[in-house]
Amino acid sequence: RHIPDAPEGQEKDFSEIIARAKECSAPKDLKAGTLTVGYSREELLALGGKAAAAFRSKSLRKIVVMMGTDSPKKANSYFTDFAKLLPEDTLILTAGSIKYRFINEDLGTVDDIPRILDAGSAADANDIMEFLIGLQNGMNINDLTLLPVYYNLAWDDPKSITIILNLLYLGLKNLHIGPTKLDFLSTGISEVLDGYFLLEGISDSPDTDIADSFGTRGDSVTTDMIVGDIVAQYPELVPVMLSMGLHCLGCGVSQMETLKEACEVHGLDPYDVVEVLNDELNHPADEDEDF
113 RHIPDAPEGQ
123 EKDFSEIIAR
133 AKECSAPKDL
143 KAGTLTVGYS
153 REELLALGGK
163 AAAAFRSKSL
173 RKIVVMMGTD
183 SPKKANSYFT
193 DFAKLLPEDT
203 LILTAGSIKY
213 RFINEDLGTV
223 DDIPRILDAG
233 SAADANDIME
243 FLIGLQNGMN
253 INDLTLLPVY
263 YNLAWDDPKS
273 ITIILNLLYL
283 GLKNLHIGPT
293 KLDFLSTGIS
303 EVLDGYFLLE
313 GISDSPDTDI
323 ADSFGTRGDS
333 VTTDMIVGDI
343 VAQYPELVPV
353 MLSMGLHCLG
363 CGVSQMETLK
373 EACEVHGLDP
383 YDVVEVLNDE
393 LNHPADEDED
403 F
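Each residue of the sequence shown is one higher than the one before, counting from 113 in my numbering.
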């Protein structure tokens, strides 16, 4: 409701709005309690050893990066539901105002690491990436795309788009972007983003996206499993697979092959590889790494 300007020398009459406000329900109380924030570069790097150990012990399955800028769009409630529905063996790294969609949720901890790590504003996204690169090196993974990380990003302003461009510069693919497609993206740009960088949108259903991306973890690896599924379900096996000679795990074509097919390409016995991988699943290394 627009209140027209008052005649010169008089004040605007807001009585209609005041009367309407008195008829409305009282605002909901904010959640009580405290929040731990400020996980900037040094604080995140200090958690690197714990995170690597949690991956090896299978307490931690995947890190979820939720960065970007919020907006009043109703569709942005997706990020609240997505965070609440994530499996308990995941951590959220967040930066930017999109965090206010879920930062008040009490999601507990994974091996004493808070499940929501707030790095700050969108400008602090680089701190998150420094942590992930340090974790990649600490876990002896030679390709950042193979680190067990799921990217769920909001892109409602130029700053968010700058973050995404930085991630693409690092060679990352399969970024999940939403909640809606930007109107100014031309057909040509969309084709490059979708075709080369494999950018993916998000659906209307957080449940569907989580089921598609996290799946159900089985008890063992078999030769007929798709390489991409092994990487997604058993991220702790990636360093083992790389050490055995499967160096093309980050390749999109390789991730669509069965483990047997990938082994044959590299001259490896698939049954020997499966034996080593399942032994690692049953007897994971428990040593910590220095960061």
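Backbone N, C-alpha and C define an ideal beta-carbon position, used for all residues, glycine too.
Problem - Enclosing alpha helix (DSSP H) for G250 [first to last residue] - result: A237 to G250 is the extent of the alpha helix (DSSP H) around G250.
Practice task
Figure out for me which residue from A266, N278 and V304 has the closest Cα to the Cα of P291.
Solution key: Selected option, being the one with the closest Cα: A266.
Practice task
Taking the CB atoms as reference points, tell me whether V261 and I175 lie closer together than 8 Å.
Solution key: Taking C-beta atoms as the reference points, V261 and I175 count as a pair closer than 8 Å.
Practice task
Using alpha carbons as the reference points, say which of E217, Q248, P318 and G250 lies closest to A144.
Solution key: Closest by alpha carbon: E217.
Exercise for the section: Check whether the Cβ atoms of Y255 and L361 lie closer than 8 Å to each other. Expected result: Checking the displayed sequence, the identity of residue 255 turns out to be Asp instead of Tyr. Taking 8 Å as the Cβ cut-off, D255 and L361 qualify as a contacting pair.
Problem - V385, enclosing alpha helix (DSSP H) - first and last residue - result: Start and end: P382 to N394.
Practice task
Flag this pair as touching only if the region 164-184 and the region 297-317 have three or more C-beta atom pairs under 8 Å; answer yes or no.
Solution key: Result no; under three Cβ-Cβ pairs closer than 8 Å.
Problem - Segment contact, 8 Å Cβ cut-off, at least three pairs: the region 374-393 with the region 189-207 - result: The answer is no - the region 189-207 does not touch the region 374-393, with fewer than three Cβ pairs under 8 Å.
Practice task
Give the single residue among R132, H114 and N286 whose Cα lies nearest to the Cα of V177.
Solution key: Among R132, H114 and N286, the Cα nearest to that of V177 is on N286.
Exercise for the section: Measure the C-alpha to C-alpha separation of L259 and A237 and round it to an integer number of angstroms. Expected result: Cα to Cα, the separation comes out at about 17 Å.
Exercise for the section: Can you give me the start and stop residues for the beta strand (DSSP E) that M179 sits inside? Expected result: According to the DSSP assignment, M179 belongs to the beta strand (DSSP E) that extends over K174 to T181.
Handout entry: Start-to-end residues for the beta strand (DSSP E) that takes in I228
Key = I228 to D230 is the span of the beta strand (DSSP E), which, as asked, contains I228.
Exercise for the section: My understanding is that N264 touches F309, with C-beta atoms under 8 Å, so please give their C-beta distance in whole angstroms. Expected result: That pair is no contact at about 16 Å.
Problem - Contiguous beta strand (DSSP E) assignments of at least 3 residues, all confined to the region 259-344 - result: The beta strand (DSSP E) runs lying completely inside the region 259-344 and spanning 3 residues or more are 261-267 and 288-290, given in chain order.
Exercise for the section: Tell me whether L361 sits in a helix, a strand or coil according to DSSP, three-state version. Expected result: In this structure, L361 counts as coil in the three-state DSSP scheme.
Exercise for the section: Identify which residue in I273, L284 and L279 has its Cα closest to the Cα of F296. Expected result: By alpha-carbon distance to F296, the top candidate from I273, L284 and L279 is I273.
Problem - Backbone secondary structure at L256 - three-state DSSP - result: Note: L256 maps to helix in three-state DSSP.
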